[in-house]
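**Q**
4 protein chains.
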Amino acid sequence: MAKKTGEKYQAIIDAAVKVIARYGYHQAQVSKIAREASVADGTIYLYFDSKEDILISLFREKMGLFIKTIQERIDKFERAEDQLRELIYLHLWQLSQNRSFAVVTQIELRQSNLKVRMGINEVIKKYLNMIDQIILLGKQQQVFRADVEHAIVRKMIFGTLDEAVTSWVMNEREYELVSLVDPLHNLFVHGLKT
Amino acid sequence: MAKKTGEKYQAIIDAAVKVIARYGYHQAQVSKIAREASVADGTIYLYFDSKEDILISLFREKMGLFIKTIQERIDKFERAEDQLRELIYLHLWQLSQNRSFAVVTQIELRQSNLKVRMGINEVIKKYLNMIDQIILLGKQQQVFRADVEHAIVRKMIFGTLDEAVTSWVMNEREYELVSLVDPLHNLFVHGLKT
Amino acid sequence: MAKKTGEKYQAIIDAAVKVIARYGYHQAQVSKIAREASVADGTIYLYFDSKEDILISLFREKMGLFIKTIQERIDKFERAEDQLRELIYLHLWQLSQNRSFAVVTQIELRQSNLKVRMGINEVIKKYLNMIDQIILLGKQQQVFRADVEHAIVRKMIFGTLDEAVTSWVMNEREYELVSLVDPLHNLFVHGLKT
Amino acid sequence: MAKKTGEKYQAIIDAAVKVIARYGYHQAQVSKIAREASVADGTIYLYFDSKEDILISLFREKMGLFIKTIQERIDKFERAEDQLRELIYLHLWQLSQNRSFAVVTQIELRQSNLKVRMGINEVIKKYLNMIDQIILLGKQQQVFRADVEHAIVRKMIFGTLDEAVTSWVMNEREYELVSLVDPLHNLFVHGLKT
DNA sequence: GATGAATGAGGGTTCATTCAT
DNA sequence: AATGAATGAACCCTCATTCAT
Numbered sequence: 240m241a242k243k244t245g246e247k248y249q250a251i252i253d254a255a256v257k258v259i260a261r262y263g264y265h266q267a268q269v270s271k272i273a274r275e276a277s278v279a280d281g282t283i284y285l286y287f288d289s290k291e292d293i294l295i296s297l298f299r300e301k302m303g304l305f306i307k308t309i310q311e312r313i314d315k316f317e318r319a320e321d322q323l324r325e326l327i328y329l330h331l332w333q334l335s336q337n338r339s340f341a342v343v344t345q346i347e348l349r350q351s352n353l354k355v356r357m358g359i360n361e362v363i364k365k366y367l368n369m370i371d372q373i374i375l376l377g378k379q380q381q382v383f384r385a386d387v388e389h390a391i392v393r394k395m396i397f398g399t400l401d402e403a404v405t406s407w408v409m410n411e412r413e414y415e416l417v418s419l420v421d422p423l424h425n426l427f428v429h430g431l432k433t
Numbered sequence: 240m241a242k243k244t245g246e247k248y249q250a251i252i253d254a255a256v257k258v259i260a261r262y263g264y265h266q267a268q269v270s271k272i273a274r275e276a277s278v279a280d281g282t283i284y285l286y287f288d289s290k291e292d293i294l295i296s297l298f299r300e301k302m303g304l305f306i307k308t309i310q311e312r313i314d315k316f317e318r319a320e321d322q323l324r325e326l327i328y329l330h331l332w333q334l335s336q337n338r339s340f341a342v343v344t345q346i347e348l349r350q351s352n353l354k355v356r357m358g359i360n361e362v363i364k365k366y367l368n369m370i371d372q373i374i375l376l377g378k379q380q381q382v383f384r385a386d387v388e389h390a391i392v393r394k395m396i397f398g399t400l401d402e403a404v405t406s407w408v409m410n411e412r413e414y415e416l417v418s419l420v421d422p423l424h425n426l427f428v429h430g431l432k433t
Numbered sequence: 240m241a242k243k244t245g246e247k248y249q250a251i252i253d254a255a256v257k258v259i260a261r262y263g264y265h266q267a268q269v270s271k272i273a274r275e276a277s278v279a280d281g282t283i284y285l286y287f288d289s290k291e292d293i294l295i296s297l298f299r300e301k302m303g304l305f306i307k308t309i310q311e312r313i314d315k316f317e318r319a320e321d322q323l324r325e326l327i328y329l330h331l332w333q334l335s336q337n338r339s340f341a342v343v344t345q346i347e348l349r350q351s352n353l354k355v356r357m358g359i360n361e362v363i364k365k366y367l368n369m370i371d372q373i374i375l376l377g378k379q380q381q382v383f384r385a386d387v388e389h390a391i392v393r394k395m396i397f398g399t400l401d402e403a404v405t406s407w408v409m410n411e412r413e414y415e416l417v418s419l420v421d422p423l424h425n426l427f428v429h430g431l432k433t
Numbered sequence: 240m241a242k243k244t245g246e247k248y249q250a251i252i253d254a255a256v257k258v259i260a261r262y263g264y265h266q267a268q269v270s271k272i273a274r275e276a277s278v279a280d281g282t283i284y285l286y287f288d289s290k291e292d293i294l295i296s297l298f299r300e301k302m303g304l305f306i307k308t309i310q311e312r313i314d315k316f317e318r319a320e321d322q323l324r325e326l327i328y329l330h331l332w333q334l335s336q337n338r339s340f341a342v343v344t345q346i347e348l349r350q351s352n353l354k355v356r357m358g359i360n361e362v363i364k365k366y367l368n369m370i371d372q373i374i375l376l377g378k379q380q381q382v383f384r385a386d387v388e389h390a391i392v393r394k395m396i397f398g399t400l401d402e403a404v405t406s407w408v409m410n411e412r413e414y415e416l417v418s419l420v421d422p423l424h425n426l427f428v429h430g431l432k433t
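Residue numbers (the numbering used here), protein chains in the order written: chain A, 240 to 433; chain B, 240 to 433; chain C, 240 to 433; chain D, 240 to 433.
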């Protein structure tokens, strides 16, 4: 039914990020997003099936780019340790560059209902797979212990990064998120190395 | 205004956990909680100031016990490594014993509004402090490196455990959460040790 | 059912006047009246059938005294003009002496529902009859024109006094209500005299 | 926010008058008004900010017309006595023509809360000013005594007319309200004349 | 007689979605 | 394709009244 392409499709998604970041999830009404995107309320439904669909699409589009960027950049490194460092760096750097998006993903979208969060999980799985690949590579390169289970390491890396960003977003006094890259990389590598 | 003690106070909190776990946060109406607790809707307001107050109290009560249990048990260990293992074990064990509560804390309550989440953060801070204490002790005992920042380690430990539980809750096929204790402890200790 | 006598009966009525005057009609809950009267909520219902019954009784008791006082005092005058002056004087004086009661009768009780206002009207009829008697006497004494209808004059006198008190109660800057006695008496007598 | 013009705006106001007159203030739910106006509940809020806003707007619109009509018609008379008669006549005639509106203004709206009554008072002030003008003119034309205070005369005229209409509305057996015009005019003029 | 904990019915308002233009 | 006026379902909380003690 919904078109899901075109100028207005993007405009609506961008408007949604802005509105959610500014007013919070519970105050991000469809009519407010429409006004921000300079379209009529009804127009939203030519491009999206429902409000939920906006949120899922938003996450998919933005997170897709987020992941794509990381994937492309870690491919340039051969050593698993370097790939891991790049992943940590890009994860923190990309979100620190766009605080609005960070607020939306870390705080606001988590208030959404089951359906939206299911849609979000789909996207996150790709990210987790990427982490798995690095761990696997590390094992092959024999820099990571063979006995660590990737399902567990993945939780550690993702959980830690996620907590770090959430903590940064919630914290009022600002600090450089990327300053955590080396300490975290250190911790992970120490934890993993043979 | 609200009484906040007594049999019905507990009954309402327990009912809230059940209802939220079963129907989800957005479908947990006050009247449903009242019915589950076998009290009238109005009775709720003799014990709680508002629906928000139920949720915050719920978290405070249950999480308070959760933390107290951990604190008491880790005090019996002298070595930081053992304390850390006990914390990991009790964190995972307690939540795996009460899947309803796990669903509520890991998934449902995160959809709540700012006020509720503020109340929740208050409680979590205590937990984070407890982690800090273990790290500090580990440094004193010279089993953890002196150069790791506890603010970062804390994020790793909490983030990882949180992600592990969330992942377990979201996962349909059941597995033993406590089976993660040793692998996680291993990872952390490796990461931290001198 | 209800007892309608005794110390507590009076205490509840007095408490109701205070509470309504202080908090307004819509914020005068039964429990607040009970607390002011130092009795339990349930005790109210040993003395009154309903909240409405409190309000009607309040008006009946207080207004009964109000009217009785006027009746007794105007009987001491023989000339209709003097009786009218005394009625005006006592109407304004009594209410100016007890601003709480004035607020309650002029403003707050008028927000009550039909049933209460019906009960109130019962009492007011007695007052209107008293006015009628004075007019009748004036006609007999041939100081008031024979062609004025008492039903109309009654409306003028009561309506004017009522409006004067309401206006005084609503007015923030205070002025002496009794200063209106002579001007009003003048106006009425001029309007009525042969 | 609210539109406050258009066909439906009027329809809702008219529906509110009907519903309040028929069911009374306390039984005039928004949904009932919406049904009477043949619109959805939510539509009400496209035209009014709140239920209170409906009531204040209702009074303002209807009473505005009421006052405007009187003002225009009394301007055609030069003598203060004639103006006063016209005011009395139109006050009573207009309300007797629309018993629903009379019920609403004399009885039902007086049960409303402070905010609504404040809004109502604003409008009534204009009416009182109009009375003041007539009195002033009468003094200039030396048909009314110079020593009568207009603040007091105003209370008499408004209070009497108000009481007359209320009494008529409350009275079950019907009689012609306009039959009171001459007697009342007589009383007032006698009271005021030099 | 007195208590006060418990009851439960009732309503103003929001906002995602539709559809006639 | 685009509009935006209209829809109507859904819910937290208050408070007069009851009744077991």
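Backbone N, C-alpha and C fix where the C-beta goes; we use that ideal spot for every residue, glycine too.
1) For a contact meaning CB atoms closer than 8 Å, what does D/K378 contact in chain C?
2) Between A/W407 and A/L400, which are expected to be in contact by the criterion C-beta below 8 Å, what is the C-beta distance as a whole number of angstroms?
3) With the cut-off set at 8 Å, would you say D/I313 and D/L326 are in Cβ contact?
4) Can you have a look at B/A267 and say buried or exposed, based on whether 16 or more other CB atoms are within 10 angstroms of its CB?
5) Using a beta-carbon distance below 8 Å, is D/T399 in contact with chain C?
6) I'd like to know whether the C-beta of B/H265 is nearer than 8 Å to at least one C-beta of chain A.
7) Using only CA atoms, which one of C/Q350, C/E320, C/V420 lies nearest to D/L353?
8) Taking just the CA atoms, how far does D/E402 sit from C/I283?
9) Between C/L334 and chain D, is the shortest Cβ-Cβ distance under 8 Å, so that the two count as touching?
10) What does the Cβ neighbour count give for C/Q381, buried or exposed, with the cut at 16 atoms within 10 Å?
11) Around the Cβ of C/R412, are there at least 16 other Cβ atoms within 10 angstroms (buried) or fewer (exposed)?
12) Can you check DSSP and say which residues form a bridge with C/K432?
13) Can you find a C-beta in chain D that's less than 8 Å from the C-beta of C/N410?
14) Inspect the beta-carbon positions of D/K247 and D/V278 and report whether they are closer than 8 Å.
15) Which term fits D/S335, buried or exposed, when burial requires 16 or more other beta carbons within 10 angstroms of its beta carbon?
16) Determine which residues of the region 258 to 289 of chain D have a Cβ less than 9 Å from any Cβ of chain C, and write them out in chain order.
17) Can you round the beta-carbon distance between C/A276 and C/A254 to whole angstroms, since I take them to be within the 8 Å contact cut?
18) Should the region 366 to 377 of chain B be called in touch with the region 315 to 323 of chain B, which here means at least 3 C-beta pairs below 8 Å?
19) Against chain D, with Cβ distances strictly below 8 Å, would C/V392 count as a contact?
20) Let's see if you can read the secondary structure: which residues bound the alpha helix (DSSP H) around C/D401?
21) Check the Cβ of D/N352 against every Cβ in chain C and list those closer than 8 Å, keeping chain order.
22) Under the three-state reduction of DSSP, which class applies to D/V278: helix, strand or coil?
23) Please report the distance separating the alpha-carbon of A/F427 from that of A/I396.
24) Could you confirm whether any beta carbon from chain B is found closer than 8 Å to the beta carbon of A/H429?
25) Mind checking which residues open and close the alpha helix (DSSP H) that includes D/V342?
26) Using the Cβ count rule (16 or more neighbours within 10 Å means buried), how would you classify C/L304?
27) Find the residues of chain D that neighbour C/S339, judging by a C-beta separation of less than 9 Å, and give them in chain order.
28) Take B/H330 and list the residues in its own chain whose beta-carbon comes closer than 6 Å to its own, dropping the five residues that flank it on each side.
29) Kindly indicate the opening and closing residues of the alpha helix (DSSP H) around D/I313.
30) How is the alpha helix (DSSP H) around B/Q249 delimited, first residue to last?
31) Report all residues from its chain with a CB closer than 6 Å to the CB of C/Y366; omit the five preceding and five following residues, and keep chain order.
32) Pick out whichever of A/H429, A/M369, A/S289 has its Cα sitting closest to the Cα of A/E311.
33) B/R356: which of B/G430, B/I293, B/I373, B/W332 sits nearest, CA to CA?
34) Answer with yes or no whether the minimum CB distance from B/M395 to chain A is below 8 Å.
35) Less than 8 Å between the CB atoms is what I'm expecting for B/V362 and B/F287, so what's the real figure, rounded?
36) When the Cα of A/R393 is compared with those of A/P422, A/L431, A/D421, which residue comes out closest?
**A** Working from what's here:
1) Sequence index remark: in the fourth sequence, residue 378 of chain D carries index 139 (1-based). In chain order: nothing, as chain C lies at least about 14 Å away.
2) Numbered from 1 along the first sequence, position 168 holds the residue referred to as residue 407 of chain A. Numbered from 1 along the first sequence, position 161 holds the residue referred to as residue 400 of chain A. Contact annotation, A/W407 with A/L400: C-beta distance approximately 11 Å; criterion of less than 8 Å not satisfied.
3) Along the fourth sequence, read from residue 1 onward, the residue named residue 313 of chain D stands at position 74. Along the fourth sequence, read from residue 1 onward, the residue named residue 326 of chain D stands at position 87. Remark: C-beta atoms of D/I313 and D/L326 approach each other more closely than 8 Å.
4) For this step, residue 267 of chain B is matched to residue 28 along the second sequence. Buried.
5) The count along the fourth sequence starts at 1 and reaches residue 399 of chain D at position 160. It does: the Cβ of D/T399 has a partner Cβ on chain C nearer than 8 Å.
6) In the second sequence, counting from the first residue as 1, residue 265 of chain B sits at position 26. Chain A contact via Cβ: present.
7) In the fourth sequence, the residue the question calls residue 353 of chain D occupies position 114. Here the closest residue by C-alpha is C/Q350.
8) Translated into positions along the third sequence, residue 283 of chain C becomes position 44. Translated into positions along the fourth sequence, residue 402 of chain D becomes position 163. Straight-line spacing of the CA atoms in C/I283 and D/E402 works out to 34 Å.
9) For this step, residue 334 of chain C is matched to residue 95 along the third sequence. By this cut-off, C/L334 is not an interface position.
10) Start at 1 with the first residue of the third sequence, and residue 381 of chain C comes out as number 142. When all chains shown are included, C/Q381 counts as exposed.
11) Translated into the one-based positions of the third sequence, residue 412 of chain C becomes position 173. A residue is called buried once 16 or more other Cβ atoms fall within 10 Å of its Cβ, and C/R412, having fewer, is exposed.
12) Walking along the third sequence from the start, residue 432 of chain C turns up at place 193. C/F383, per the DSSP bridge assignment.
13) Along the third sequence, one-based indexing puts residue 410 of chain C at 171. Interface with chain D (8 Å Cβ-Cβ cutoff): C/N410 is excluded.
14) Here residue 247 of chain D corresponds to residue number 8 of the fourth sequence, with the count starting at 1. Here residue 278 of chain D corresponds to residue number 39 of the fourth sequence, with the count starting at 1. Yes, the pair counts as a contact, with Cβ atoms nearer than the cut-off.
15) Translated into positions along the fourth sequence, residue 335 of chain D becomes position 96. Buried is the call here.
16) Taking 9 Å as the cut-off between beta carbons, the residues of the region 258 to 289 of chain D near chain C are G263, Y264, H265, in sequence order.
17) Counting from one through the third sequence, the residue named residue 276 of chain C turns up at place 37. Counting from one through the third sequence, the residue named residue 254 of chain C turns up at place 15. The Cβ separation is near 4 Å, so the contact holds.
18) The region 366 to 377 of chain B vs the region 315 to 323 of chain B: in contact.
19) The count along the third sequence starts at 1 and reaches residue 392 of chain C at position 153. Answer yes: the Cβ-Cβ gap between C/V392 and chain D drops below 8 Å somewhere.
20) The residue you call residue 401 of chain C lines up with position 162 of the third sequence. Element bounds for C/D401: 389 to 409.
21) As a first step, residue 352 of chain D is located in the fourth sequence; it is residue number 113 there, counting from the start. Neighbours of D/N352 in chain C, taken as residues at a C-beta separation under 8 Å, are given in chain order as H265, Q350.
22) Against the fourth sequence, residue 278 of chain D aligns to sequence position 39. Three-state result, D/V278: coil.
23) As a position in the first sequence, residue 427 of chain A is number 188, starting the count at 1. As a position in the first sequence, residue 396 of chain A is number 157, starting the count at 1. Spanning the two alpha carbons is a distance of roughly 7 Å.
24) As a first step, residue 429 of chain A is located in the first sequence; it is residue number 190 there, counting from the start. Chain B contact via Cβ: present.
25) By 1-based counting over the fourth sequence, the position of residue 342 of chain D is 103. D/V342 -> alpha helix (DSSP H) spans 338 to 342.
26) Here residue 304 of chain C refers to the residue found at position 65 when the third sequence is read from its first residue. It is exposed - the Cβ of C/L304 has fewer than 16 other Cβ atoms within 10 Å.
27) Here residue 339 of chain C corresponds to residue number 100 of the third sequence, with the count starting at 1. Within 9 Å Cβ-Cβ: nothing; C/S339 doesn't reach chain D, min ~17 Å.
28) Position 91 of the second sequence, counted from the first residue, corresponds to residue 330 of chain B. Around B/H330: L400.
29) By one-based count along the fourth sequence, residue 313 of chain D stands at place 74. 290 to 313 is the extent of the alpha helix (DSSP H) around D/I313.
30) On the second sequence, position 10 is the one that residue 249 of chain B refers to. From DSSP, the alpha helix (DSSP H) with B/Q249 extends over 246 to 262.
31) The residue labelled residue 366 of chain C in the question sits at position 127 within the third sequence. So the list reads I306, once near-sequence residues are dropped.
32) Here residue 311 of chain A refers to the residue found at position 72 of the first sequence. Considering only alpha carbons, the answer is A/M369.
33) Translated into positions along the second sequence, residue 356 of chain B becomes position 117. Here the closest residue by C-alpha is B/I293.
34) In the second sequence, counting from the first residue as 1, residue 395 of chain B sits at position 156. Taking Cβ atoms only, chain A reaches closer than 8 Å to B/M395, which makes this a yes.
35) The residue given as residue 362 of chain B occupies position 123 in the second sequence. The residue given as residue 287 of chain B occupies position 48 in the second sequence. About 17 Å separates the beta carbon of B/V362 from that of B/F287, a gap too long to meet the 8 Å contact definition.
36) By one-based count along the first sequence, residue 393 of chain A stands at place 154. Nearest neighbour of A/R393 by Cα position, chosen from A/P422, A/L431, A/D421, turns out to be A/L431.
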